[in-house]
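Below is one structure, written out as structure tokens; comments come after it.
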Amino acid sequence: MKKLKVMIVDDEVTIVEGFKKLFDWDKHGCMLICEAGDGMSAINQAKLYQPDIIIMDINLPIVNGLDAISMIREQNPNITFIVISGYDEFEYCQEALRLKVKDYILKPVKYEELGEVIDHIRMDQFHVAVDNKAPLKEEIKNENSKIIFRFIAYIQEHLVEDISLQKLSQEFHMNPAYISQLFKNETGINYHSYLTRLRINKSKTLLTTTDKSISEIASAVGFSDYRVFTKMFKNYMSMTPSQYKSHNDYLSITVQTNDKT
1 MKKLKVMIVD DEVTIVEGFK KLFDWDKHGC MLICEAGDGM SAINQAKLYQ PDIIIMDINL
61 PIVNGLDAIS MIREQNPNIT FIVISGYDEF EYCQEALRLK VKDYILKPVK YEELGEVIDH
121 IRMDQFHVAV DNKAPLKEEI KNENSKIIFR FIAYIQEHLV EDISLQKLSQ EFHMNPAYIS
181 QLFKNETGIN YHSYLTRLRI NKSKTLLTTT DKSISEIASA VGFSDYRVFT KMFKNYMSMT
241 PSQYKSHNDY LSITVQTNDK T
């Protein structure tokens with residue numbers, strides 16, 4: 001899979017330099033292509049360089065981060081945004097939700113947390129390539145990527161089942177260690193992490209779009225024990241499935257109410 005192009009927008013030079021020097025972009029399948037110190041520059045740079053991901057601060061000079069996101073979305077709706085902010089306030093979170101940012105990370109940024117968010121974005125983008133047959137030929141350019149595509153198609157089809165690495169190796173007649181290494185090389189994460197994240201992502205969709213119980217959702221995404229599912233969900237999302245559902249229901253209702261006023 002090709003490296004994702006990243007743009008950083010923050011008016012604090014020390015934070016930008018920290019991102020550039022301390023975060024392992026290559027490990028997470030990314031490369032930094034540009035940076036900006038204010039919202040207007042961010043809008044112009046995004047149009048010029050067409051990044052895949054923009055890491056955006058909120059409190060920016062000239063044009064604030066949220067307004068900049070809205071303007072950039074108009075010129076390129078395919079860019080993924082990660083908001084970083086020193087403000088843990090509901091209004092900012094609410095507006096970020098309305099703008100459909102990928103995540104909202106509080107400063108000081110924990111690079112491990114940022115890495116997990118970027119890994120999720122890479123996984124999402126790979127699934128876009130899997131789901132859209134037309135661009136797939138461009139996205140999958142080598143033999144290893146073609147093999148991974150076959151794995152992912154199989155996993156998505158059998159998500160409810162026990163899809164261990166051993167089961168996958170039996171299905172495709174390949175060495176488990178070789179499959180594991182392929183996953184790491186092509187997606188940036190190991191097979192077990194990939195499968196777990198895929199199941200958690202699927203469960204998030206079910207939590208916000210259906211009335212299924214936690215136990216039913218756990219079964220639907222391949223967890224035989226809802227308690228294990230709850231524990232894994234909390235590890236990844238820092239909240240339980242019930243809290244996630246309640247939180248999103250509340251924010252969605254609030255956004256809908258504000259849109260009508």
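By this note's numbering, the letter at position 133 of the sequence shown is numbered 133, and the numbering carries on one by one without gaps. Heads up, the beta-carbon is just placed ideally off N, CA and C, and yes, glycines get one too.
Exercise for the section: Tell me, please, which residues DSSP counts as bridged to Lys5. Expected result: In the DSSP assignment, the residues bridged to Lys5 are Met31.
Problem - Three-state secondary structure (DSSP) of Ala134 - result: Low per-residue confidence applies at Ala134: pLDDT is 41, beneath 50, and the placement is therefore not dependable enough to give any value.
Problem - Residue interval of the beta strand (DSSP E) (run including Ser265) - result: Because residue 265 is not part of the residues shown, which for the chain are 1 to 261, the question remains open.
Exercise for the section: Flag Leu168 as yes if its beta-carbon sits less than 8 Å from any beta-carbon of chain D, otherwise no. Expected result: Absent from the structure: chain D. Only one protein chain is present.
Problem - Beta-bridge pairing of Tyr104 - partner residues as DSSP gives them - result: Paired residues: Val83.
Practice task
Could you check the C-alpha separation between Thr205 and Leu97 for me, to the nearest Å?
Solution key: Thr205 and Leu97 have their C-alpha atoms some 15 Å from each other.
Handout entry: Burial state of Thr196 (16 or more Cβ within 10 Å)
Key = With 16 or more other Cβ atoms from the protein chains shown falling within 10 Å of its own Cβ, Thr196 counts as buried.
Practice task
Scan the region 141–191 and note each continuous alpha helix (DSSP H) run of 4 residues or more that stays entirely inside, going in chain order.
Solution key: Within the region 141–191, the complete alpha helix (DSSP H) runs of at least 4 residues are 143–157, 165–172 and 176–187.
Exercise for the section: Check whether the Cβ atoms of Phe23 and Leu106 sit closer than 8 Å, and answer yes or no. Expected result: Contact: no.
Exercise for the section: Quick one: give me the first and last residue of the beta strand (DSSP E) that Asp57 is part of. Expected result: DSSP places Asp57 inside the beta strand (DSSP E), whose first and last residues are Ile53 to Asp57.
Practice task
Flag this pair as yes or no: are the beta carbons of Thr208 and Lys234 separated by less than 8 Å?
Solution key: Between Thr208 and Lys234, the C-beta spacing is not below 8 Å.
Practice task
List the DSSP bridge partners of Ala36.
Solution key: Within the DSSP bridge table, the entry for Ala36 names Val9 as partners.
Exercise for the section: Give the straight-line distance between the Cα atoms of Asp10 and Pro61, rounded to the nearest whole angstrom. Expected result: When rounded, the distance between both Cα atoms is 9 Å.
Practice task
Could you tell me whether the Cβ atoms of Ala46 and Asn78 are closer together than 8 Å?
Solution key: No; because the gap between Cβ atoms is not below 8 Å, this pair is not in contact.
Exercise for the section: Could you tell me the distance, in whole angstroms, from the CA atom of Glu138 to the CA atom of Lys2? Expected result: Interpretation of Glu138 is limited by its pLDDT of 49, a score under 50 that renders its predicted location unreliable; no figure is taken from the coordinates.
Handout entry: Identity of the residue in Glu74, Met71 and Val101 nearest Ile84 by Cα
Key = Measuring from the Cα of Ile84, the nearest candidate turns out to be Val101.
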